[in-house]
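K.L.:
Numbering (full-length UniProt numbering), first residue to last: 1 to 170. Just so it is clear, CB atoms sit at the ideal spot from N, CA and C, and this is done for glycine as well. Predicted, not measured: the structure shown is a model, and the values here were computed from it.
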């Protein structure tokens, strides 16, 4: 009779280490699925809204460039929004989990800064006004935050520890 062998990962530690390293590398990537379309549309909407009027005196790109005197909060909002757009595009292109997490964080800060900028413009002096571009930018940033938060929570890495060392012969 032939002896029946059973395979066990414990019997081959090199194979087990290699499989663990592969799993660790794979789990660092995200697959946003249909949420990528939502994130891409929100990035396009926010980018377009930077060209729209944020007040009767200035457009979003002018606030970003410092050419319009709308106050410090709209300026802070534009800077955080541009950073959120850059990180979101990088996360969509690379599908790297840490970039998705950074996009969620930056867009969360941007959402808060945008709501704060809207509030500040509403409660400012009588000559302060709010244009459609500012409102669309705030809504788009909030949509980006919701989308990235959902992606990050759904695709979080399962194993936070580092991969095992590589034991390949030199």
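State the CB to CB distance for the pair residue 253 and residue 118, rounded to an integer number of angstroms; the pair is presumed to be in contact (CB under 8 Å).
P.N.:
Since the first residue of the chain shown is 1 and the last is 170, residue 253 is not available in this structure.
K.L.:
Using a 10 Å radius around the Cβ and a threshold of 16 neighbouring Cβ atoms, would you call residue 65 buried or exposed?
P.N.:
As a position in the chain shown, residue 65 is number 65, starting the count at 1. That one is exposed.
K.L.:
Relative to the C-alpha of residue 88, which residue among 108, 80, 99, 111 is closest?
P.N.:
For the purposes of this step, residue 88 is taken as the residue at position 88 of the chain shown. Taking each of 108, 80, 99, 111 in turn and checking the Cα distance to residue 88, the smallest one comes out for 99.
K.L.:
Tell me the DSSP secondary structure of residue 59 in three-state form.
P.N.:
As a position in the chain shown, residue 59 is number 59, starting the count at 1. Residue 59 falls in the strand class under three-state DSSP.
K.L.:
Could you pull out every residue in the same chain whose Cβ sits closer than 6 Å to the Cβ of residue 32, ignoring the five residues on either side in sequence?
P.N.:
If you number the chain shown from 1, residue 32 lands on position 32. Counting only Cβ-Cβ distances below 6 Å, and skipping sequence neighbours, we find 151.
K.L.:
Determine whether the beta carbon atoms of residue 60 and residue 51 lie at a separation below 9 Å.
P.N.:
To locate residue 60, count along the chain shown from 1; it is residue 60. To locate residue 51, count along the chain shown from 1; it is residue 51. Cβ atoms of residue 60 and residue 51: closer than 9 Å.
K.L.:
Could you give the distance in angstroms between the alpha-carbon of residue 170 and the alpha-carbon of residue 18?
P.N.:
For this step, residue 170 is matched to residue 170 along the chain shown. For this step, residue 18 is matched to residue 18 along the chain shown. Residue confidence is low: residue 170 scores 47 on pLDDT, short of 50, so the model does not pin down where it sits. No coordinate-derived value is stated.
K.L.:
Could you have a look at residue 53 and say whether DSSP puts it in helix, strand or coil?
P.N.:
Walking along the chain shown from the start, residue 53 turns up at place 53. It is a strand residue.
K.L.:
Between the region 75–82 and the region 91–98, can you find at least three pairs of beta-carbon atoms closer than 8 Å?
P.N.:
no
K.L.:
Where do the N-terminal and C-terminal ends of the alpha helix (DSSP H) with residue 77 fall, by residue?
P.N.:
Against the chain shown, residue 77 aligns to sequence position 77. Looking at the DSSP string, the run of the alpha helix (DSSP H) that includes residue 77 is 72–94.
K.L.:
Between which two residues does the alpha helix (DSSP H) harbouring residue 133 extend?
P.N.:
Looking up residue 133 in the chain shown gives position 133. Run containing residue 133: 132–154, per the alpha helix (DSSP H) assignment.
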